[in-house]
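Take a look at the structure set out below.
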Amino acid sequence: GAGVSQTPSNKVTEKGKYVELRCDPISGHTALYWYRQSLGQGPEFLIYFQGTGAADDSGLPNDRFFAVRPEGSVSTLKIQRTERGDSAVYLCASSSRWDTEAFFGQGTRLTVV
Amino acid sequence: AQKVTQAQTEISVVEKEDVTLDCVYETRDTTYYLFWYKQPPSGELVFLIRRNSFDEQNEISGRYSWNFQKSTSSFNFTITASQVVDSAVYFCLGGKLIFGQGTELSVKP
Numbered sequence: 045g046a047g048v049s050q051t052p053s054n055k056v057t058e059k060g061k062y063v064e065l066r067c068d069p070i071s072g073h074t075a076l077y078w079y080r081q082s083l084g085q086g087p088e089f090l091i092y093f094q095g096t097g098a099a100d101d102s103g104l105p106n107d108r109f110f111a112v113r114p115e116g117s118v119s120t121l122k123i124q125r126t127e128r129g130d131s132a133v134y135l136c137a138s139s140s141r142w143d144t145e146a147f148f149g150q151g152t153r154l155t156v157v
Numbered sequence: 008a009q010k011v012t013q014a015q016t017e018i019s020v021v022e023k024e025d026v027t028l029d030c031v032y033e034t035r036d037t038t039y040y041l042f043w044y045k046q047p048p049s050g051e052l053v054f055l056i057r058r059n060s061f062d063e064q065n066e067i068s069g070r071y072s073w074n075f076q077k078s079t080s081s082f083n084f085t086i087t088a089s090q091v092v093d094s095a096v097y098f099c100l101g102g103k104l105i106f107g108q109g110t111e112l113s114v115k116p
């Protein structure tokens, strides 16, 4: 596609449930990033993929969060046993290389009730 | 540890004024990249400019200009002749992973 696509755009889930957030990067981009942004804050880094592998997952807050990118294109961020504190906008970005600018999707607004 | 500091939380200017947004990036890396992004009320982050650490030339692109000084770790961004459409939150990004807290720019007519 022309840009980074994230689905769903909005997700409301009950506390304790499992959710998956999807990111379709720009075609050909090898680097993919996940961030989350709370209201009034800057985006917070979660994980960075180079190809299929996670090059840096130091931002994942705990073991309830996991992300995959099995074929080096689409990525899925998975959150188990959701908590109200997980509510945020989850942003995905991709870039052609590590040293080039990243382009962001519209984000998925996750609300845990 | 890496850190990005945007000391200005909010800036308000009147249309046509020039405005400079400040950013300080602290890192032990000798080679790194810095970026500025704009987040309008619609929410999507929009890439503005990119700078690498080994090039300290100031640059101008249209109404945007930027000043990078490695000695002070500062990467400042200036909008000349601001317009109402420039109203947004501006984020500095260091090394691709660390965002600052953002500066909310309000340009009034």
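Those sequence lines, one after another, are chains G and U. Using the numbering used here, the letters of the first sequence map in sequence onto residues 45 to 157. Using the numbering used here, the letters of the second sequence map in sequence onto residues 8 to 116. No residue lacks a Cβ here, since even glycine has one placed at the ideal position from N, Cα and C.
Considering only U/Glu22, U/Ser80, U/Trp73, the residue with the shortest C-alpha distance to U/Gln9 is U/Ser80. At least one CB of chain G lies nearer than 8 Å to the CB of U/Phe98.
Residues of the region 123-138 of chain G with a C-beta less than 9 Å from any C-beta of chain U: Val133, Leu135, Ala137, listed in chain order. The bridge partners DSSP lists for G/Arg66 are G/Thr51, G/Thr120.
Annotation for G/Ser82: Ala132 place their beta carbon closer than 7 Å to its own, counting only its chain and skipping 5 residues before and after. Proximity to G/Pro105 across G/Ile123, G/Val56, G/Gln50 peaks at G/Ile123, based on C-alpha coordinates. Closer than 9 Å at the C-beta level to chain U, one finds these residues of the region 81-104 of chain G: Gln81, Gly84, Gln85, Gly86, Pro87, Glu88, Phe89, Tyr92, Asp100, Ser102, Gly103. Residues of chain U whose Cβ lies closer than 9 Å to the Cβ of G/Phe110 do not exist; the shortest such Cβ separation is about 19 Å. The Cβ neighbour count for U/Gln46, taken over all protein chains shown within 10 Å, is at least 16; the residue is labelled buried.
Here G/Val157 carries a coil assignment [DSSP, helix/strand/coil]. Under the 8 Å criterion on CB atoms, U/Leu41 is classed as non-interfacial with respect to chain G. Nearest in C-alpha terms to U/Asp62, of all of U/Glu24, U/Val96, U/Thr38, is U/Thr38. G/Asp100 sits in a strand when the DSSP states are folded into three classes. Per DSSP, the beta-bridge partners of U/Thr12 are U/Val31. Collapsing the DSSP output to three states places U/Thr110 in a strand.
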